[in-house]
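Quick notes on the structure that follows.
Numbering (full-length UniProt numbering), first residue to last: 1 to 306.
Here is the structure:
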């Protein structure tokens, strides 16, 4: 665990630097007055924590200050950290095998590459993996996934460009079942001519998975790009309405200072972030620990105790 923590700490310096600079600024305040809390809420929002979550944090902090009779800014900052740790401490929903996974997300977030990393991870663990190229609206997406499948050495189900994605998923489910695959990972479209059309399409795919799953478990995953900040939260809410999400994968966390959006995603949606992407290699998709992440925001130069 310590090596994973160190890897994350070393790669997310943009996010931790942005957060610690804003929190350290509060230590200059001598009084826990209205100005202090206004500044705190503003700094949390500027750290890509949503308005709703920032308000919740500040309100709970004010209550705890009274209850615990906290007097110094240092003790308040420590309490702030504890509140955020409790906020991100949500039940995990680990994948159960055999599994069918719809991987959803807008175009450009690294969805297809993430699917390849997941396929390589599961194969290295001895799992039998089948991929489904259900983003039939983009020929390039199918070709890219075919290339990855060949490189990794896993089966893939495809169809002609423009084919009904539902038929691809249907065929892939029955192929995976016939092959006794441990996991079927389905790529999906990230953009159609409007958002309603896209969400209806994804909802249709999810219904097919539920109807045809047999003994398989459904474990749907959203891929979001950390560099989009608050937009990642909006995407998560929208996709979760169309496809019940089991987990989230956040890519490009190593290239942004906007990783603070992780806090409101966990707080407001209660959907675990399973992995974060910290680079282009398969081993750069690492398991995410929310408690470690919050502690790292406050102590960016310290290693995890575990």
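Don't be surprised by glycine CBs; every beta carbon is placed ideally from N, CA and C. In this text, all values refer to a predicted model and were calculated from it rather than measured experimentally.
(message) Need the endpoints of the beta strand (DSSP E) that residue 275 sits in, please.
(response) 273-277
(message) With three or more C-beta pairs closer than 8 Å as the rule, is the stretch 75-87 touching the stretch 230-242?
(response) no
(message) With H, G and I counted as helix, E and B as strand and the rest as coil, what does DSSP make of residue 90?
(response) coil
(message) Considering Cα atoms alone, identify which of 175, 282, 226 and 245 is closest to residue 255.
(response) 226
(request) In the DSSP assignment, find the unbroken beta strand (DSSP E) run with residue 300 in it and report its ends. (result) Run containing residue 300: none; DSSP gives neither H nor E here.
(request) For the beta strand (DSSP E) containing residue 103, list its first residue and its last residue. (result) 99-104
(message) Once DSSP output is grouped into helix, strand and coil, what is the label at residue 251?
(response) strand
(request) With a cut-off of 8 Å on the beta carbons, I'd call residue 175 and residue 130 a contact; round off their distance for me. (result) 6 Å
(request) Could you check which residue in 101, 102 and 154 has the C-alpha nearest to that of residue 124? (result) 154
(request) Count the other CB atoms, across all protein chains shown, that sit within 10 Å of the CB of residue 110; report buried if there are 16 or more and exposed otherwise. (result) buried
(message) Out of 170, 138, 221 and 182, which one is the CA nearest neighbour of residue 207?
(response) 170
(request) Look at residue 349 and residue 19 and say whether their C-beta atoms are less than 9 Å apart. (result) Lying before the first or after the last residue shown, residue 349 is absent from the chain, which here runs from 1 to 306.
(request) Round the Cβ separation of residue 65 and residue 76 to the nearest angstrom and send it over; I've been treating them as touching at under 8 Å. (result) 6 Å
(request) Tell whether a beta-carbon distance below 9 Å holds between residue 272 and residue 278. (result) no
(request) Determine the burial state of residue 46: buried for a count of at least 16 other Cβ atoms within 10 Å of its Cβ, exposed for fewer. (result) exposed
(request) Quick one: using the 10 Å Cβ neighbour count with 16 as the cut-off for buried, is residue 291 buried or exposed? (result) exposed
(request) Could you check which residue in 252, 263 and 269 has the C-alpha nearest to that of residue 12? (result) 252
(request) Within its chain, find whatever has a CB closer than 8 Å to the CB of residue 52; leave out the 5 residues flanking it on each side and keep chain order. (result) 264 and 268
(request) Use the C-beta contact count for residue 122: other C-beta atoms within 10 angstroms, 16 or more gives buried, fewer gives exposed. (result) buried
(request) Could you name the residues of the same chain whose beta carbon sits closer than 8 Å to that of residue 160, not counting the 5 residues immediately before and after it, in chain order? (result) 136
(request) Check whether the Cβ of residue 33 lies closer than 8 Å to any heavy atom of the ligand FAD, and answer yes or no. (result) The ligand FAD is absent from the structure shown, which contains no ligands of any kind.
(request) Mind reading off the beta-carbon distance from residue 101 to residue 183? Whole number of angstroms is fine, and I expect it under 8 Å. (result) 7 Å
(message) Cutting at 8 Å between CB atoms, please list the residues of its own chain near residue 213, excluding the five before and the five after it.
(response) 100 and 173
(request) Could you name the residues of the same chain whose beta carbon sits closer than 8 Å to that of residue 133, not counting the 5 residues immediately before and after it, in chain order? (result) 141, 142, 145, 146, 156, 157, 158, 159, 168 and 187
(message) According to DSSP, simplified to helix, strand and coil, what is residue 192?
(response) coil
(message) I need the DSSP call for residue 219, collapsed to helix, strand or coil.
(response) coil
(request) Measure the alpha-carbon distance for residue 233 versus residue 275 and round it to whole angstroms. (result) 16 Å
(message) Taking 6 Å as the limit between beta carbons, can you name the residues of its chain near residue 148, skipping five residues before and five after?
(response) 116
(request) Keeping to the same chain, check which residues put their C-beta closer than 7 Å to that of residue 152; ignore five residues upstream and five downstream. (result) 116, 119, 120 and 123
(message) What residue range does the alpha helix (DSSP H) around residue 265 cover?
(response) Note, residue 265: premise wrong, no alpha helix (DSSP H); not H, not E.
(request) Please report the Cβ distance between residue 58 and residue 39, rounded to the nearest whole angstrom; I am assuming they are in contact, meaning their Cβ atoms lie under 8 Å. (result) Not really, about 10 Å apart at Cβ, beyond 8 Å.
(request) Keeping to the same chain, check which residues put their C-beta closer than 8 Å to that of residue 192; ignore five residues upstream and five downstream. (result) 137, 198 and 201
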